[in-house]
Every structure is written in C-alpha cells, then in structure tokens.
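*Asks:*
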Amino acid sequence: MIGTLKLSVHPSIAAHPNVDQWLEFTADERIVVHTGKVDIGQRISTALAIIAAEELDVDYHRIDVNRTQTGLDPDEGFTAGSMSMQHSGSAIRLASATARRYLIDLAADVLGDAPGALVVDDGIVRSPATGAQVSYWSLLSETSLSVRIDETAPLKRPADYGWIGKAVTPKGLADIVHGKTVFVHDLQLPQMLHGRVVRPPHCAARIDTLDSTVIEYLKHSGVVTVRDGSFLAVAAADEYRAAKAAARLSSAIQWDLGSGIPTKDVFSALRSNPKVSLPVAEGGVPIEQPVSPLTEPPEEAVITLNSILEKPYLMHGSIGPSAACAVYENDLLTIYTHSQGVYPLRGAIAEALHMP
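Going by the working numbering, the first residue of the sequence shown is number 11, and it counts up by one from there.
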C-alpha cells in the first residue's frame, strides 16, 4: 500500500529540487545516492541507502553512497546536530518516491498496462497480467531523471517495508575490517609535501618575536616556512622532518598572550570568572533557586573528607589526529578533508586564498 505524506518546502529540496541531483542510475545497473551529509562513523550512508532501496523497491546492495564532493553532491551545510535523517534522509526518500512513480509511468507506456497494475521487484517493473517486464535502467536509456521532486509523492507504508528494520551489512564495513579503506592520511601523491602548523598557546596569542636564524637553518635543511601574521607553519618532503621543524620553531617564539584565555593557573581563572550557582536535583537537573547553605555534620561524625574537583576548558573539536591534503593543478585546488561541512569549508578556503 502507498500513502501520501504532505510536507512544507523541504530546505534541502528547495536548494536541489531535481531527482537527478540526489539519485544516479549507472550503466552497470546500480544506483548512486548523492548526499550533502558526511559519514563520520555514524553510518549515515547505510541509513540513506536503506531509505532509497525501500522507496525505489531495489535491493539494498545495488545502492552506493559516495563521499560528499563539492560540485557533484547537494550542499546541505554541516553534518551536525543529528539532522542528517531529517534533512538528507527525507529528501532522498521523496526523491526516490518521485523517481519510482515517474519510472512506473514510463513502464506503463512501454508495457501497455495501467501504472497501478504494475509491480516492482529489485528495479524490474512487471505486468502481472502479461508477464512483460522492463528495468529502471532500460527505461532511463533514452531519458533522464531531471524531474522536479514532488513533496507529495506517494510513500511506502510501514506495513509494506522490506528493508527498513532489516539487518544489513553497513556500507563500507567490509573494507574497514579488511584494512582496505583509504583515509586522508593514507594518501600518497607525487611531489607531496607534509605540513605542520605551529600552534599558539591560545587562539588570541600573537607572535611577539621569532628567532629568524632558526628559519634560515630550516631553509637550508629543506624545510619551507610559511608565515602570515601570527600564523606559522612548515612544509617538508619528509613528515618527520616537518614535525621536528615545527617543534623547533615553536621553541624559537616569544608569544604575546594578551588578555586571552589563561595558560597557567586555569582553575584560579575559572573560579574568578563571572558565574551563576544553582542547586542540582536528583538526576543532575539544575533548579532555578538559591543554593542552600551546607548542613552541619551530625554530632556523631568522626571523619571529615575534603575534596576539590576541577575540570578544565573543553573544546568542541576532533578527538583524534586530523589530516587534510591539497593539490593545486591547472588553477584548480582540490582538497581532501574529513570536514563535516565541505561546502562551508570550500567557501572559507576560497576567501582565505582569494580564489573564485
């Protein structure tokens, strides 16, 4: 059974309104799902493949979900806030439902049967009355899916699900288990240089003085030093040499810390910051009321325990080593990155490098 889900204008569909911006039917009878969301371990690629397989009535194993690439895949901003299913998932579902209806209509003309009388199994549209059949890929050999996504397209009812709720092998898992997955830091390119950034003590720190003799020494050692204001980095053909050069440069800098985040007595600084104190109920929920004074210990108490618990600043950042790779060739800069927002990153890099 098919139902209809009425939605308001979908943000991802509004920017990318055509089916072929989300789905690609390939010559080897596979389907590529295009998404602007990045798979960073949460296996969103698996979920999106299941959604497409369900609405298109094709086998899950025919579906490929490629890594997001600017210029080829939809711009869906950042992969954050657990919004991938709400944005990309629902967009791909509607694109798939629209494609299925469009392809069944094409098949009805070819098979000489009513659209409602046809059935689909793994991308093969069949007429139960005559036994005649045609595949999605054959139907698309002389046309395209450059059609508008219909946000009211009929969607499959949960009672008819064949893939949602079924155990499947996550996309890419076999390659991960067998060590075949290529990560950014696995890339080896011709004439590649390895870079290291000399990090400041905190984000507001500025270089006060830098021993120029160290830069000269590194230059004669085959290390390139890049400085733009207080941004300092090195590049070398050998990664270990780049890491050692960055450490040497770091020791040759006197930093002006200004009035930014303290780098020594962090906990005293935290205690002196403006703050609001609230009592906490059972379960860790703060209550909007004054903190009650501590009660006196019972008279029979014989042991007093004192403890100070401290937690430093926390950064919302990578929990492991990061890597990126850039190739500049024929006035085109290609960047390989694990960024959760490749389109915002492209804009930021274009602005920083004054590139279109």
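We put the CB at the ideal spot given by N, CA and C, even for glycine.
Predicted model only: the values in this text are computed from it and were never measured.
Can you tell me whether G51 is buried or exposed, with buried defined as 16 or more other CB within 10 angstroms of its CB?
*Replies:* When all chains shown are included, G51 counts as exposed.
*Asks:* Quickly, what does DSSP pair G133 with across the bridge? List them, please.
*Replies:* DSSP, once it has assigned bridges, lists no residue as partnering G133.
*Asks:* Would you decide whether A362 is buried or exposed? Buried here means 16 or more other CB atoms lie within 10 Å of its CB.
*Replies:* Its Cβ having fewer than 16 others within 10 Å, A362 is exposed.
*Asks:* Taking one C-beta from the segment 340–350 and one from the segment 291–307 each time, how about it: are there three or more such pairs within less than 8 Å?
*Replies:* Cβ pair count under 8 Å is below three, so no.
*Asks:* Out of S22, A262, K274, which has the shortest C-alpha to C-alpha gap to T223?
*Replies:* Ranking the options by Cα distance to T223, first place goes to A262.
*Asks:* Which same chain residues end up closer than 8 Å to I359 when comparing Cβ atoms and leaving out the 5 residues on each side of it in sequence?
*Replies:* Once the five neighbours on either side are set aside, the close Cβ partners of I359 are L343, I345, M365.
*Asks:* Might you give, ordered along the chain, the residues of its own chain that have their beta carbon closer than 6 Å to the beta carbon of F88, omitting 5 neighbours on each side?
*Replies:* Contacts found: Q350, G351.
*Asks:* Answer yes or no: do N28 and V157 have a C-beta to C-beta separation smaller than 8 Å?
*Replies:* Contact: yes.
*Asks:* What would DSSP say about W147, mapped onto helix, strand or coil?
*Replies:* W147 falls in the helix class under three-state DSSP.
*Asks:* Count the other CB atoms within 10 Å of the CB of L149; is the residue buried (16 or more) or exposed (fewer)?
*Replies:* Buried, because 16 or more other Cβ atoms sit within 10 Å of the Cβ of L149.
*Asks:* Check each candidate in L355, A105, D49, I271 and name the one with the smallest Cα separation from S92.
*Replies:* With distances taken between Cα atoms, S92 lies closest to D49.
*Asks:* As a quick exercise: from H204, S231, F241, M202, pick the residue whose alpha carbon is nearest that of R216.
*Replies:* Of the candidates H204, S231, F241, M202, the one whose C-alpha sits nearest the C-alpha of R216 is F241.
*Asks:* Since D119 sits in a beta bridge, which residues does DSSP pair it with?
*Replies:* Paired residue(s): none; D119 is not in a bridge.
*Asks:* Could you spell out the range, first to last residue, of the alpha helix (DSSP H) harbouring E65?
*Replies:* Looking at the DSSP string, the run of the alpha helix (DSSP H) that includes E65 is 54–66.
*Asks:* Determine the contact status of P84 and W32, defining contact as a CB-CB distance below 8 Å.
*Replies:* In this structure, W32 lies closer than 8 Å to P84 by Cβ.
*Asks:* Do L128 and V135 have their beta-carbon atoms positioned less than 8 Å apart in this structure?
*Replies:* Against a cut-off of 8 Å, the Cβ pair of L128 and V135 comes out as a contact.
*Asks:* Does the contact criterion of 3 or more C-beta pairs under 8 Å hold for the segment 106–118 versus the segment 69–83?
*Replies:* Touching, no.
*Asks:* So the candidates are A109, S145, G133, K190; which of them puts its Cα closest to the Cα of P164?
*Replies:* Checking every option, the nearest Cα to that of P164 belongs to A109.
*Asks:* Secondary structure at P168, three-state DSSP: helix, strand or coil?
*Replies:* Of the three classes helix, strand and coil, the one that applies to P168 here is helix, per DSSP.
*Asks:* Do you know whose CA, among D160, M202, A243, lies nearest R103's CA?
*Replies:* Of the candidates D160, M202, A243, the one whose C-alpha sits nearest the C-alpha of R103 is D160.
*Asks:* Grab the span of the beta strand (DSSP E) containing D266 for me, first residue to last.
*Replies:* Note, D266: beta strand (DSSP E), 263–266.
*Asks:* Between the Cα of V276 and the Cα atoms of A247, K321, V233, L267, which residue gives the shortest distance?
*Replies:* Nearest C-alpha to V276: K321.
*Asks:* Alpha carbons only, please: which of V75, V290, S332, I318 is nearest the one belonging to G182?
*Replies:* Per the Cα distances, V75.
*Asks:* Output the residue ranges of the beta strand (DSSP E) runs that lie fully inside the segment 330–366 and measure 3 residues or longer, sorted by chain position.
*Replies:* Runs of the beta strand (DSSP E) inside the segment 330–366: 334–339, 342–347.
*Asks:* I'd like to know whether the C-beta atoms of L66 and S106 end up nearer to each other than 8 Å.
*Replies:* Contact: yes.
*Asks:* Report the three-state DSSP secondary structure of I73 (helix, strand or coil).
*Replies:* Strand.
*Asks:* Rank S260, A63, A336, T162 by C-alpha distance to the C-alpha of A170 and give the top, closest one.
*Replies:* A small fix is needed here, since residue 170 is Asp in this sequence, not Ala. Of the candidates S260, A63, A336, T162, the one whose C-alpha sits nearest the C-alpha of D170 is A63.
*Asks:* With a threshold of 8 Å on Cβ separation, who are the neighbours of V207 within its own chain once the five nearest residues in sequence on each side are excluded?
*Replies:* So the qualifying residues of the chain are F241, L242, A243, A256.
*Asks:* Spatial neighbours of R356 within its chain, please: C-beta separation below 7 Å, excluding the five flanking residues on both sides.
*Replies:* Cβ neighbours of R356 beyond the five flanking positions: T80.
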